[in-house]
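The opening residue of the sequence shown carries number 1029 in the working numbering; numbering runs sequentially from there. Okay, structure first, notes after.
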Amino acid sequence: MPLFGIDCTKPKPQEEERYLRANDRNFNVKFQYVNNRIKTSKYNIFTFLPVNLFEQFQRIANAYFLFLLILQLIPQVSSLSWYTTVVPLVLVLSITAVKDAIDDYHRYRSDNQVNNREVTILLDGTLQREKWKYVQVGDIIKMENNQFVTADLLLLSSSEPYGLIYIETAELDGETNLKVKQALTVTSDMGENTQALADFDGEVRCEAPNNRLDKFRGTLTYKDNKYSLDNEKIILRGCTLRNTEWCYGLVIFAGQDTKLMQNSGLSAFKRTNIDRLMNVLVMWIFGFLATMCTVLAIGNSIWEYRKGYYFQVYLPWDVDITNSSFSGFLMFWSYVIILNTVVPISLYVSIEVIRLGSSFYIDWDGKMYYPKKDTPAVAHTTTLTEELGQIKYIFSDKTGTLTQNIMLFSKCTINGKMYGYVYDFAGQRTDITANTEKVDFSFNSMADPKFVFYDHSLVEAVKIGDPKVHEFFRLLSLCHTVMPEEKFKGNLVYQAQSPDEGALVTAARNFGFVFRSRTPETITVVELGESKLYELLCILDFDNVRKRMSVIVRCPNKKLYLYCKGADTIVFERLNSSSQHLRDITTEHLDEFAGDGLRTLALAYKQLDERYFQNWQSRHHEASTASENRDEQLFTLYEEIEKDLTLLGATAVEDKLQDGVPQTIETLVKANIKIWVLTGDKQETAVNIGYACNMLQDEMKQIFIIEGNDSSAVRTELRKACAIMKGQPQTENDLIRIQQPTKPNFLPEETADADYGLVINGDTLAHALEEDMALEFLKTACLCKTVICCRVTPLQKAQVVELVKKYKKAITLAIGDGANDVSMIKAAHIGVGISGEEGTQAVLSSDFSFAQFRYLQRLLLVHGRWSYLRMCRFLRYFFYKNFAFTLVHFWYGFFWGFSAQTVYDEWFITLYNLVYTSLPVLGLSLFDQDFNDRWSMAYPQLYEPGQLNLYFSKLEFVKCVIHGVYSSLVLFFIPYGALTEAVRDDGKTISDYQSFALIAQTCLLVAVTVQIALDTSYWTAINHFFIWGSLAVYFAITFTMYSNGMYLMFPISFPFIGTARNALNQPHVWLTIFLAAVLCVLPVIIVRYLFAELKPTFSNKLQYKIRQMKLLPPKQTTSYLRRPSTRRSAYAFSHQRGFGALITSGKNMRIKSMNFIPSKAGTSSQTDKEKHSKLSAKQKT
């Protein structure tokens, strides 16, 4: 039985095609398809120890210390006791193993919770409740309303007519609008007949498991007939069933094979930039260590050859040593043991503790807690925190990440009068605040209580009967494809394919024009309490070319009207001459709405002549049934009837951004972070959000739209854009250099002569990412201030991130909220998930998560910057103190015959990194900060040193080594010189080995303690306790271990009897300690002072300014950034064709409510019309 989610079965062969039979487990089991169990955990109770140890010993340092331990077990080589290595090694391995076990257990619990959900499954002809993990490929399961879909299913039948269902795909793509799926007629006829479903033995051949969310190809063979299967008939795991009482589905992919899991799976192992640098530095240190050991080994051979002969009387060679060369060989390994502290194992323990502490700070940060959803920020990993302080590129999704996917009816203009703004008693326009009085809709019993509006003049115009205002809201209540649902009496809910349409219909509802119900032929609207029935004659549906939709209705007074809404540029072209003056006024209002970042639609209407319409309807029917040039004929008819319109006004809908998005983006840009938007939305929507978020601005010199249809055209556009931004023509040699970069494969940083933007869609991006063009695209994109990639697939998102990672020497961060963002999140150095309205797949695969995009600036500018700063200060200090500690042995060897005699007491060597210096450096790396959080947020420029690796790099490491070498010279020669021929006050000598060892180690500890005090910028009680307490602990332990009592109990382990009390009571000893400490830190003080005065950094300047002016930290304020603009967006429809074909065909209406003759109404959605007409013919037969 699998434990901790691990399935120990042997791996199955690579699958090229899936073949399965419904209701036949015996047939399907031979293909070894996985069941519906998912696992993201790595270990089980038996494999944890060997697998975890194997992983840990893949780290070079751990393997190195294991090698040292083996050396210390060899008597001829070892000069230190074995416990000096085994204790810290076991400690490191244990701490890391416990952390890994806890992380994996959390993954196991999450898996277990999902695997044990229950679902209704059809087994042996009966419906049974079964756990998700036992569902297998080929099973038929029953889903009910509002349930999550268990696996990837082929839809068989549903409670809705014609096998339709409605699903919400928020868990997959972050979109909350409903989508429609439809079963094949041959299976939908089975309904909920369990016997028919149990007898169903159809065979499916389809594509192998993959991560493409928007594509599916396969065939169903049933009763000797083949039926084509596409994505419209597949329901993916992670979707939610909505507005559908029940449905049945055949399991195609289960568990790890589902598209949801193919897009998530196990998170890739990520290492930070500092980890990669550390590996290089460790190799350098190994080389340095080998060099020192070689020098000392050669010295030993020479000394033994020239001098050792005279000492053999009382220092004889071991029996195994035959000559001086072999003695030097053994001394090489002895010095490897003694000098191993240049790479102390406690370094890795400390790094893990620091990262763990930084991740806890993120978890505990109340300023990143979202109370509305009770969602805190969460660090899912403890290994990447310092990299948050080095981000150069951010890749963001749009829907659900930058926006809330919520549309609000904000303003409108009707017959030349603008509504939506608020004015004071003096007639001056005022801002809307939390205290602004809202419009009271209590006069309308059917109003939506969630709808908010502030301009009271509009509701007054409705109440006094303004005919244009009434016609305006009548149009909004009729011209749409929204579906109403009354869950219980008085609770009217609208289901729209896009939230835009839902917002407009809800606005009409609240102002007294309530869209109540619809059939394929009629629309019922309650107008100011009076129910009116409109005959729906035709829907001219929206598409991306028309950018408008119209309906033709017969009013209760028998008059015919065409109501139209669409992009203002499109509608204005179709107005009659009498609307010219109103058009000019409306254009001014639209410009003002655009300045507020609102999305606008123009509304118009016309009255139709009965005779003309009958003729047009006849021609429309002929065109809709034509076998050739159908779309062209229909387009011509629509153009004919949608003209000579009368303008009513325009709407302004707010595509509601998440709180603080524009301010966050502005702040991040000031921190020199480049933000790219990678979204599946259409171009117009993405660009509009780009403007609303202040990523795109009118002040930009140019915004390039790359939309070539082939590689050649895309290449030409990219070259042209690059040449414009560089202000010079691009030569062919330059292009060759781009395509074949020299190693290392990093493109150099270049700047444009102004601010530019770049917009590219998915089809064009596919060409731009081709191998011979990718670098050219990257170079052009990196010159731009903002890049927006729209209509991109999940794979393309990951490819863009990988391209930047590969060729730009920069740290990347990806942020998203849906399963379509998972590949991008996993590809980036840092992945952030938004745990808001739109599901949890991105969160499960992310490294960090929170509920609002605005928290990103705090994550980076505060936690990221602090983590990077602390880690760099820790590493600089740690390497310094260990080089100073270790190299004293090196100088000591020249004076003690290269005998591998240690300078210090063995207990001091063991406790130096574990006790005496561990807490002070942890205090520095957990609590230190150069500026508090408010200064860090107010001055984003403080973030730039992390992007440039200024605080820790190979150069900084060399500086640490030089400082350590200098300090080791001071720490050896100052005590050596001071003790030469020195005597105590009583005339006894003090220049013995044990006294020298004690004074040298005391000088060392005092010097490194003073150094860390100099490095500490932010003093807390904990820092004081750790620093001075550790020094006190040293003296306490030293006097204890060097006491008579310890010697009497353990004479071999504690040979330094009485050394402390004999040496440390002499004044010249304390003078020696003081002199050594001052000489160690004096160069540091001088260099820092000179740099601050002669070459100050931005941090130095800000600190000086704060000290001189005694400034208090600025308060964090939230202000609305208004973007003055003349650009307008008229996108207020679904990304796809609307429900028009379904509505007029009646296929989405329940049979019991359809008391009417089949509709003769037309629709522009002829593709769907053709698809459904075949089904209707089969129904009639």
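We put the beta carbon where it would ideally sit given N, CA and C, even for glycine. Quick caveat, the model's predicted, so the values are computed rather than measured.
Its chain contains 1711, 1818, 1819 as the residues whose beta carbon lies nearer than 6 Å to that of residue 1789, once the 5 sequence neighbours on both sides are disregarded; these appear in chain order.
Taking 8 Å as the cut-off, the Cβ atoms of residue 1283 and residue 1183 do not count as close. DSSP lists 1843, 1876 as the beta-bridge partner residues of residue 1860.
Burial of residue 1804 is indicated by the presence of at least 16 other C-beta atoms within 10 angstroms of its C-beta. Restricted to the region 1080-1140, the alpha helix (DSSP H) segments that are unbroken, complete and at least 4 residues in length are 1088-1100, listed in chain order. Closest by C-alpha distance to residue 1662, out of 1581, 1566, 1615, is 1566. Rounded to the nearest whole angstrom, the CA to CA distance from residue 1507 to residue 1593 is 7 Å.
Annotation for residue 1183: the continuous beta strand (DSSP E) segment containing it runs 1180-1186.
Residue 1160 sits buried, since 16 or more C-beta atoms from the chains shown fall within 10 Å of its C-beta.
In this structure, the CA atom of residue 1245 is about 7 Å from the CA atom of residue 1259. For residue 1554, the secondary structure class from DSSP, reduced to helix, strand or coil, is strand. One Cα belongs to residue 1457, the other to residue 1466, and the distance between them is close to 16 Å. DSSP, reduced to helix, strand and coil, places residue 1306 within a helical segment of the structure shown.
Distances from the alpha-carbon of residue 1370 to those of 1315, 1684, 1834 put 1315 closest. Residue 1046 sits close to residue 1280, with the two beta carbons spaced by under 8 Å.
Only buried fits residue 1216, as 16 or more other CB atoms lie within 10 angstroms of its CB. Assignment of beta-bridge partners to residue 1743 by DSSP yields no partner.
Rounded to whole angstroms, the Cβ separation of residue 1881 and residue 1686 is 5 Å, and the two are in contact under 8 Å. Check the Cα spacing between residue 1129 and each of 1076, 1794, 1723: the tightest is with 1076.
Around the beta carbon of residue 1557, a 10 Å sphere encloses fewer than 16 other beta carbons of the protein chains shown; the residue is thus reported as exposed.
Under the criterion of beta carbons closer than 8 Å, residue 1180 and residue 1073 do not qualify as touching, at roughly 31 Å. By the neighbour-count criterion, in which a residue is buried when 16 or more other Cβ atoms sit within 10 angstroms of its Cβ, residue 1608 is exposed. Nearest to residue 1952 by alpha-carbon distance, out of 1631, 1908, 1897, is 1897. Under the three-pair Cβ rule at 8 Å, the region 1235-1249 does not count as touching the region 1153-1167. As the crow flies, the alpha-carbon of residue 2052 is around 45 Å from that of residue 1721. A Cβ-Cβ separation of about 22 Å leaves residue 2006 out of contact with residue 1914 under the 8 Å criterion. Of 1679, 1624, 1816, the smallest CA-CA separation from residue 1715 is found for 1816.
Taking 8 Å as the cut-off, the beta carbon of residue 1824 is found no closer than this to the beta carbon of residue 1841. Scanning the region 1482-1546 for uninterrupted alpha helix (DSSP H) segments of 4 residues or longer gives 1484-1491, 1495-1506, 1527-1538, listed from N- to C-terminal end. Put simply, of 2054, 1209, 1603, 1698 the residue whose alpha carbon is nearest the alpha carbon of residue 1967 is 1698. The C-beta distance from residue 1091 to residue 1376 rounds to 12 Å, too long to fall under 8 Å, and the pair is not in contact. Nearest C-alpha to residue 1630 among 1839, 1560, 1226, 1676: 1676. Here the alpha carbons of residue 1273 and residue 1514 stand approximately 14 Å from one another. Contact annotation: the region 1941-1961 touches the region 1887-1901, with at least three C-beta pairs closer than 8 Å. CA-CA distance, residue 2115 to residue 2109, rounds to 10 Å. In the structure shown, residue 1979 falls within a coil segment according to DSSP collapsed to helix, strand and coil.
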